[in-house]
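Engineer:
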Amino acid sequence: MSSQLTIENLTLFRGDKCLFKNTSFRITQGDLILITGPNGSGKTTMLRSIAGLVEPETGNISWNHKSISVDRQTYHENISWISHKHGFKGGLSIIDNLEFEAHLYNFSFNKIDDVLERLSLSLYKNIPFKFLSAGQKRRASLARLILNKNALWLLDEPTSNLDAQAQDIFKEILNEHIINKGLCVLATHHPEAFENSTSIIELT
Amino acid sequence: MPKKLSLIAGFMAMFRRDLLQSIKSPSQLLNPLIFFIMITATFPFAVNAEKAQLVQIGPGIIWIMAILSYLLTLHHLYLDDAEDGCLDYIMLSPQPLPLLVLAKICAHWISSGLPLIIISPIIGIIYQMQVDTILVMIGTLFFGTFALSLVGSIGASLTISINNSNILVSLLVLPIMMPVLIFGARTIELYQSGATTMPGLYFLGAYCMFALSFSPFASAAALRIGTD
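Here the protein sequences line up with chains A and B, keeping their order. Residue numbers for the first sequence follow my numbering, beginning at 1 and rising by one. Residue numbers for the second sequence follow my numbering, beginning at 1001 and rising by one.
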């Protein structure tokens, strides 16, 4: 079955400020949607709303024609999420953190060494996460995308703190995902870096 | 073929992670325990009480200090995960959120309640308690501290989006903890005066089970609202 995410008439306010109103779009397999806009325009909030972490004022979000509020578990089985915050425990190593997520998200942990090798993190896999640099922490975040293999990626500034080499690795990973019929919604300040995007949503 | 989602694996992963995290952050583990020991151990010196007075006031003091020590730990229950972004991943997991909340509560009890229970016999000796009274005290603390973790989870989840919420968590949770305090302390006192302890222990057990039946769901709902 072809995967599809449908956003209909999404509206959200933060206090008196309307972040977005009656926003509608549809993503199907192989689509890369970019969300751009200045700081404070609501990119993160829109992503969180799509993920189901924030309740919109109005609007409906459906995964494969089923509202995500009706069948949350199926939706969550198909999401990979990257936000500004890394979502790793500082006192635990990359391995410990990813092993925890493997059980939570029900993905295989067998290829962890290959994944960390690809992200140039093999030497740091047993070091407490808090001792890694900002770039290394961001690379570790990307490991969950490769391991989890979920259909829908919701990514908030995934390339922040990444050096040029790591950004190329990320684009490789993203291209593989899109070619393999994955879906991606990505918030970014640099839409020009993603030439293969299907469409761009600009928030003001 | 995708693996079938294992609820037990999810529960154990969450439980293990939280326990590991608390072991690797010893200050979070030790500060409430040291607070409990310092106050309960030095109280008899401050009041210069006779042996009979210590026996009388001991249960109340131990129970009050157990609750106050617990209140120190509650606001960390979800706040740390919210601050480092882990809470988003927990909430986006296909595992039922109440199950993961219950795992966090169990880990919280192991790291916060169990040390109090283990150290309580020594404190009991300071308050001139007999061995059998100490056993009753351990029984009340066993049920009572687990009930405190369950009830405290609701307060912690309700205040997740509020800065500096530790006072607010305490204000929210303290009134609900009053029955646990009253029955916990009173059960020990009644035993010391020769009465039966079973009604008190039954109440604490029932309170625990009642809290277990709704706290994970209430906490999960509060977390969803709080992260909105």
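Glycine included, each C-beta is placed from N, C-alpha and C at the ideal position. This structure is a prediction, so every number in the text was calculated from the model and none was measured.
Let's see if you can read the secondary structure: which residues bound the beta strand (DSSP E) around Ser-1165 (chain B)?
Structural biologist: Stepping through the second sequence from its first residue, residue 1165 (chain B) is reached at position 165. Unbroken run through Ser-1165 (chain B): none, as it is neither H nor E.
Engineer: How is Pro-1059 (chain B) classed by DSSP in three states: helix, strand or coil?
Structural biologist: The residue labelled residue 1059 (chain B) in the question sits at position 59 within the second sequence. The answer is helix: DSSP assigns Pro-1059 (chain B) an H, G or I state.
Engineer: Just confirm the distance between the C-beta atoms of His-86 (chain A) and Gly-1113 (chain B), as a whole number of angstroms; I'd bet it's less than 8 Å.
Structural biologist: Counted from its first residue, the first sequence places residue 86 (chain A) at position 86. Counted from its first residue, the second sequence places residue 1113 (chain B) at position 113. The Cβ separation is near 30 Å, so there is no contact.
Engineer: Note down, one range per segment and in chain order, each alpha helix (DSSP H) of at least 4 residues found wholly within the segment 151 to 179 of chain A.
Structural biologist: Listed in chain order, the complete alpha helix (DSSP H) runs (minimum 4 residues) inside the segment 151 to 179 of chain A are 164 to 179.
Engineer: Which whole runs of the beta strand (DSSP E) in the segment 46 to 81 of chain A are 3 residues long or more, in chain order?
Structural biologist: Listed in chain order, they are 58 to 63.
Engineer: Specify whether the segment 95 to 115 of chain A and the segment 27 to 41 of chain A touch according to this definition: at least 3 beta carbon pairs, one from each stretch, less than 8 Å apart.
Structural biologist: No contact exists between the segment 95 to 115 of chain A and the segment 27 to 41 of chain A.
Engineer: Go through its chain and collect everything with a Cβ distance to Ile-1134 (chain B)'s Cβ below 6 Å, but skip five positions before and after it.
Structural biologist: Start at 1 with the first residue of the second sequence, and residue 1134 (chain B) comes out as number 134. Around Ile-1134 (chain B): Pro-1121, Gly-1124.
Engineer: Tell me the rounded alpha-carbon separation between Ile-1188 (chain B) and Leu-142 (chain A).
Structural biologist: Here residue 1188 (chain B) refers to the residue found at position 188 of the second sequence. Here residue 142 (chain A) refers to the residue found at position 142 of the first sequence. The alpha-carbon atoms of Ile-1188 (chain B) and Leu-142 (chain A) are separated by roughly 55 Å.
Engineer: My guess is that Gln-1095 (chain B) and Leu-1223 (chain B) are in contact by the Cβ rule of under 8 Å, so how many angstroms apart are they, rounded?
Structural biologist: By one-based count along the second sequence, residue 1095 (chain B) stands at place 95. By one-based count along the second sequence, residue 1223 (chain B) stands at place 223. The Cβ separation is near 14 Å, so there is no contact.
Engineer: Quick one: is Leu-1030 (chain B) buried, meaning 16 or more other Cβ sit within 10 Å of its Cβ, or exposed?
Structural biologist: As a working mapping, residue 1030 (chain B) is identified with position 30 in the second sequence. Classification of Leu-1030 (chain B): exposed, given that the 10 Å Cβ count is below 16.
Engineer: If you measure beta-carbon to beta-carbon, which residues of the segment 52 to 79 of chain A are closer than 7 Å to chain B?
Structural biologist: Listed by position along the chain: Leu-53, Val-54, Glu-55, Gln-73, His-76, Glu-77, Ile-79.
Engineer: Any chance you could list the alpha helix (DSSP H) runs of at least 4 consecutive residues sitting entirely within the segment 1060 to 1085 of chain B, in chain order?
Structural biologist: If we require 4 residues or more, the alpha helix (DSSP H) runs fully inside the segment 1060 to 1085 of chain B come out as 1076 to 1084.
Engineer: Could you pull the start and end residues of the alpha helix (DSSP H) that Leu-1049 (chain B) belongs to?
Structural biologist: The count along the second sequence starts at 1 and reaches residue 1049 (chain B) at position 49. The amino acid occupying residue 1049 (chain B) in the given sequence is Ala; Leu does not appear at that position. Premise fails: Ala-1049 (chain B) is in no alpha helix (DSSP H) and is neither H nor E.
Engineer: According to DSSP, Arg-14 (chain A) sits in a beta bridge with which residue or residues?
Structural biologist: Numbered from 1 along the first sequence, position 14 holds the residue referred to as residue 14 (chain A). Bridge partners of Arg-14 (chain A): A:Lys-17.
Engineer: Quick check: is the beta carbon of Ser-1161 (chain B) nearer than 8 Å to any beta carbon in chain A?
Structural biologist: Residue mapping note: residue 1161 (chain B) aligns to position 161 of the second sequence, counting from 1. It does not: the Cβ of Ser-1161 (chain B) has no partner Cβ on chain A nearer than 8 Å.
Engineer: Assign Gln-1130 (chain B) to one of three DSSP states: helix, strand, or coil.
Structural biologist: For the purposes of this step, residue 1130 (chain B) is identified with residue 130 of the second sequence, where counting begins at 1. Gln-1130 (chain B): coil per DSSP, three-state reduction.
Engineer: Nearest-angstrom Cα distance between Ile-1090 (chain B) and Ile-94 (chain A)?
Structural biologist: As a position in the second sequence, residue 1090 (chain B) is number 90, starting the count at 1. As a position in the first sequence, residue 94 (chain A) is number 94, starting the count at 1. About 17 Å.
Engineer: Counting only the same chain and skipping the five closest in sequence on each side, list residues whose C-beta sits under 8 Å from that of Pro-191 (chain A).
Structural biologist: To locate residue 191 (chain A), count along the first sequence from 1; it is residue 191. Excluding sequence neighbours, Pro-191 (chain A) sits near Leu-34, Thr-36, Ser-197, Ile-200.
Engineer: Below 7 Å on C-beta distance, what does Ser-83 (chain A) contact in chain B?
Structural biologist: Taking the first sequence and counting its residues from 1, the one referred to as residue 83 (chain A) is at position 83. Those are Gly-1085, Asp-1088, listed as they occur along chain B.
Engineer: Quickly, what does DSSP pair Val-185 (chain A) with across the bridge? List them, please.
Structural biologist: The residue you call residue 185 (chain A) lines up with position 185 of the first sequence. DSSP lists A:Ile-33, A:Leu-154 as partners of Val-185 (chain A).
Engineer: Of all the CB atoms in chain A, is at least one closer than 8 Å to the CB of Gln-1028 (chain B)?
Structural biologist: Against the second sequence, residue 1028 (chain B) aligns to sequence position 28. No, Gln-1028 (chain B) lies away from the interface with chain A (no Cβ there is under 8 Å from its Cβ).
Engineer: Taking Cβ-Cβ distances shorter than 9 Å, what residues in chain A pair up with Lys-1104 (chain B)?
Structural biologist: Locating residue 1104 (chain B) in the second sequence gives position 104, where the first residue counts as 1. Simply none; closest approach about 12 Å.
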